[in-house]
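Structure first, commentary second.
Residue numbers (this note's numbering): 27 to 459.
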């Protein structure tokens with residue numbers, strides 16, 4: 027994906043870096059050469075040293091610019107005294123607070139493959155054996171070593187796309203369900219994309235709005251952004267339009283958040299990402315007879331608020347979810363067969379076929395029978411190609427791109443860290459409902 031080919035409204039003004047911080051559980055400083063030797067072992071390749079940077083003070087023992095053979099952009103790696111960190115997850119708060127030194131890793135992401143390149147930088151940041159976790163400074167998200175080793179750095183899967191961004195919400199009211207909410211992404215600028223936002227969203231619609239931003243962000247990573255005002259399909263019959271933020275806030279209500287003053291007040295960074303290339307996700311047609319007013323997409327948000335919403339997904343997301351679902355399928359079937367059919371229901375997610383523009387409709391079916399190669403089930407909803415809810419569908423295990431085990435109001439899927447047999451017996455500690 028070449029940002030230089032985007033519409034001028036979305037072309038980045040400058041590359042945005044991707045910084046990471048990895049607190050270490052070490053008692054004393056160590057030399058750069060010792061870390062570089064470890065890094066070469068982790069990468070199983072030589073690491074080219076481009077420059078040793080001068081140390082500013084004793085709080086920064088060393089800083090070095092290197093290049094790994096699998097990346098074009100150089101990487102700055104620094105060892106610093108651990109500073110106070112905010113929003114640390116409770117499970118990591120103790121070890122991070124006790125950390126004395128932190129590795130800082132910073133580089134530019136490859137816009138052609140930001141997801142894969144992000145994982146390469148995380149691998150560099152965790153090359154030290156005593157790294158506790160990684161903070162993605164662009165999004166504020168933490169990743170512990172278990173998640174990194176078991177999922178993020180899985181060479182077959184790669185990380186999920188949503189590690190590249192985070193949706194943040196700012197409300198006009200202390201009660202999220204009242205007032206209006208301004209939602210925006212953090213992290214897409216470093217991928218060469220405009221950040222996304224939704225303005226003046228009713229507080230009660232925040233969940234659907236967040237899901238919508240996640241879906242649009244994932245698709246833009248694969249497609250690149252459409253020109254402003256051009257309808258962009260995010261689900262079957264569900265279109266939105268992207269509008270430059272400066273135009274979208276022209277008619278912003280005085281009591282709503284998101285105007286230029288709010289953007290200056292909420293971010294102290296230079297340059298300010300809240301005033302950079304950003305796209306407001308809006309309805310495909312503006313309202314108003316005399317002055318065009320771009321508003322949040324009512325139909326799309328209502329659609330994404332539904333638990334069974336059929337949405338478009340990128341090829342990378344489909345491929346990753348398929349691998350995960352197929353890995354856990356036999357265990358899900360075993361759990362289903364261990365309980366009565368009215369106690370535990372197994373759903374399978376399968377692709378139905380193309381819908382034009384390279385999109386594929388994904389449908390959920392309730393599984394009735396299972397064979398070694400696949401099985402049969404009934405569609406839960408009407409499909410876009412005319413097949414009604416309740417129609418019998420044959421499927422192959424090789425085509426499954428998701429599954430859900432449903433017990434009453436509770437449900438789990440392949441990405442939940444819950445054993446299906448424990449869920450079937452009611453012994454799970456969590457799960458999504």
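Even glycine gets a Cβ: it sits at the ideal position worked out from N, Cα and C.
query: Looking at the unbroken beta strand (DSSP E) that takes in residue 194, where does it start and where does it end?
result: Position 168 of the chain shown, counted from the first residue, corresponds to residue 194. Here the beta strand (DSSP E) through residue 194 covers 192 to 197.
- request: Rounded to whole angstroms, what's the CA-CA distance from residue 104 to residue 178? Just pull it up for me.
  value: Residue 104 sits at position 78 when you count from the first residue of the chain shown. Residue 178 sits at position 152 when you count from the first residue of the chain shown. Roughly 23 Å separates the two Cα atoms.
field: Rounded C-alpha distance that separates residue 456 from residue 432
entry: Residue 456 sits at position 430 when you count from the first residue of the chain shown. Residue 432 sits at position 406 when you count from the first residue of the chain shown. Because the pLDDT at residue 456 is just 47, under 50, the model does not fix this residue reliably, and the point stays unresolved.
field: Host beta strand (DSSP E) of residue 370 (start-end)
entry: Position 344 of the chain shown holds residue 370. No beta strand (DSSP E) contains residue 370, which DSSP labels as neither H nor E.
- request: Starting from the N-terminal side, write out each stretch of the beta strand (DSSP E) that is 3 residues or longer and does not extend beyond the stretch 69 to 150.
  value: 74 to 79, 88 to 93, 101 to 107, 127 to 133
- prompt: Got a sec, what are the start and stop residues for the beta strand (DSSP E) residue 420 sits in?
  reply: For this step, residue 420 is matched to residue 394 along the chain shown. Note, residue 420: beta strand (DSSP E), 418 to 422.
query: Is the closest heavy atom of the ligand SAM to the C-beta of residue 286 under 7 Å?
result: Of the ligands one can find in the structure shown there are none, so the ligand SAM has no counterpart to examine.
- prompt: Between the Cα of residue 357 and the Cα atoms of 325, 421, 447, which residue gives the shortest distance?
  reply: What you label residue 357 is simply residue 331 of the chain shown in a count that begins at 1. Residue 357 has its Cα closest to that of 447, out of 325, 421, 447.
field: Inter-stretch contact (C-beta, 8 Å, three-pair minimum) for the stretch 230 to 249 and the stretch 47 to 61
entry: no
- request: Quick one: grab the DSSP three-state call for residue 220.
  value: Position 194 of the chain shown, counted from the first residue, corresponds to residue 220. Three-state DSSP puts residue 220 in coil, outside helix and strand.
query: Nearest-angstrom Cα distance between residue 459 and residue 437?
result: Position 433 of the chain shown, counted from the start, is the residue given in the question as residue 459. Position 411 of the chain shown, counted from the start, is the residue given in the question as residue 437. The predicted position of residue 459 is uncertain, since its pLDDT is 40 and thus under 50; a value taken from the coordinates is nonetheless stated next. Those two C-alpha atoms are separated by around 5 Å.
- prompt: In the structure shown, what three-state DSSP assignment does residue 356 receive?
  reply: Within the chain shown, numbered from 1, the residue matching residue 356 stands at position 330. Helix at residue 356.
message: Here's the rule: buried if 16 or more other CB atoms are within 10 angstroms of the residue's CB, otherwise exposed. What is residue 426?
response: Sequence index remark: in the chain shown, residue 426 carries index 400 (1-based). It counts as buried.
- prompt: Would residue 296 be called buried (16 or more neighbouring beta carbons within 10 Å of its own) or exposed?
  reply: Taking the chain shown and counting its residues from 1, one reaches residue 296 at position 270. So residue 296 counts as exposed.
field: Whole-angstrom distance between residue 115 and residue 85, CA atom to CA atom
entry: Indexing the chain shown from 1 puts residue 85 at position 59. Indexing the chain shown from 1 puts residue 115 at position 89. Residue 85 and residue 115: Cα-Cα distance of roughly 25 Å.
message: Pop quiz: residue 160 and residue 46 are said to be a contact at Cβ under 8 Å. What is the actual Cβ separation, rounded to whole angstroms?
response: Taking the first residue of the chain shown as 1, we reach residue 160 at position 134. Taking the first residue of the chain shown as 1, we reach residue 46 at position 20. Contact holds; Cβ gap of about 6 Å.
- request: Measure the alpha-carbon distance for residue 249 versus residue 27 and round it to whole angstroms.
  value: Locating residue 249 in the chain shown gives position 223, counting from the first residue. Locating residue 27 in the chain shown gives position 1, counting from the first residue. Cα-Cα distance, rounded: 8 Å.
task: Give the secondary structure of residue 448 by DSSP, where H, G and I count as helix, E and B as strand, and everything else as coil.
output: Here residue 448 corresponds to residue number 422 of the chain shown, with the count starting at 1. DSSP places residue 448 in helix when its eight states are reduced to three.
query: residue 42 to residue 361, Cα distance in whole Å?
result: Walking along the chain shown from the start, residue 42 turns up at place 16. Walking along the chain shown from the start, residue 361 turns up at place 335. Taking the straight line from one Cα to the other gives about 47 Å.
message: Three Cβ pairs or more, each shorter than 8 Å: is that satisfied between the stretch 134 to 145 and the stretch 178 to 194?
response: yes
field: Anticipated Cβ contact below 8 Å, residue 260 with residue 241, distance rounded
entry: Sequence index remark: in the chain shown, residue 260 carries index 234 (1-based). Sequence index remark: in the chain shown, residue 241 carries index 215 (1-based). Rounded, the Cβ-Cβ distance is 5 Å, consistent with contact.
message: Can you tell me whether residue 231 is buried or exposed? The criterion is at least 16 other CB atoms within 10 Å of its CB, across all chains shown.
response: Locating residue 231 in the chain shown gives position 205, counting from the first residue. Label assigned to residue 231: buried.
- request: Apply the 10 Å Cβ neighbour rule to residue 223 and answer buried if 16 or more other Cβ atoms are within range, or exposed otherwise.
  value: As a working mapping, residue 223 is identified with position 197 in the chain shown. Burial call: buried.
Beta-carbon proximity list for residue 91, same chain, < 6 Å, skipping 5 on both sides: Residue mapping note: residue 91 aligns to position 65 of the chain shown, counting from 1. Counting only Cβ-Cβ distances below 6 Å, and skipping sequence neighbours, we find 76, 77, 100, 102.
query: Nearest to residue 376 by CA position, among 57, 128, 307, 390, is which residue?
result: The residue you call residue 376 lines up with position 350 of the chain shown. Nearest of 57, 128, 307, 390 to residue 376, Cα basis: 390.
- request: Label residue 276 either buried or exposed according to how many other C-beta atoms from any shown protein chain fall within 10 Å of its C-beta, with 16 as the threshold for buried.
  value: Position 250 of the chain shown holds residue 276. Looking at its Cβ environment, which holds fewer than 16 other Cβ atoms inside 10 Å, residue 276 is exposed.
message: Give me the residue from 342, 420, 372 with the minimum Cα distance to residue 354.
response: Against the chain shown, residue 354 aligns to sequence position 328. Residue 372 is the option with its Cα nearest to residue 354.
- prompt: According to the neighbour-count rule (16 or more other Cβ atoms, all chains shown, within 10 Å of its Cβ), is residue 374 buried or exposed?
  reply: Taking the first residue of the chain shown as 1, we reach residue 374 at position 348. That one is buried.
- prompt: To which residues does DSSP link residue 312 through a beta bridge?
  reply: Within the chain shown, numbered from 1, the residue matching residue 312 stands at position 286. For residue 312, which the question treats as bridged, DSSP gives no partner whatsoever.
- prompt: Any Cβ of chain C within less than 8 Å of the Cβ of residue 150?
  reply: Absent from the structure is chain C; it holds one protein chain and no more.
- prompt: Just the Cα atoms here: how many angstroms apart are residue 282 and residue 274?
  reply: One-based indexing of the chain shown puts residue 282 at position 256. One-based indexing of the chain shown puts residue 274 at position 248. So the two alpha carbons sit approximately 13 Å from each other.
- request: Provide the residue(s) that pair with residue 402 in DSSP beta bridges, ordered along the chain.
  value: Residue mapping note: residue 402 aligns to position 376 of the chain shown, counting from 1. DSSP, once it has assigned bridges, lists 395, 420 as partnering residue 402.
Best match in 209, 107, 180, 422 for proximity to residue 194 [C-alpha to C-alpha]: Within the chain shown, the letter at position 168 stands for residue 194. It is 209 whose Cα lies nearest to the Cα of residue 194.
- prompt: With distances taken between CB atoms, is the gap from residue 270 to residue 219 smaller than 8 Å?
  reply: In the chain shown, the residue the question calls residue 270 occupies position 244. In the chain shown, the residue the question calls residue 219 occupies position 193. Not in contact: residue 270 and residue 219 (Cβ atoms no closer than 8 Å).
- request: Could you please give the first and the last residue of the uninterrupted beta strand (DSSP E) stretch that includes residue 168?
  value: What you label residue 168 is simply residue 142 of the chain shown in a count that begins at 1. Residue 168 -> beta strand (DSSP E) spans 167 to 170.
Beta-carbon separation (whole angstroms), residue 89 vs residue 79, contact threshold 8 Å: Walking along the chain shown from the start, residue 89 turns up at place 63. Walking along the chain shown from the start, residue 79 turns up at place 53. That pair is a contact at about 4 Å.
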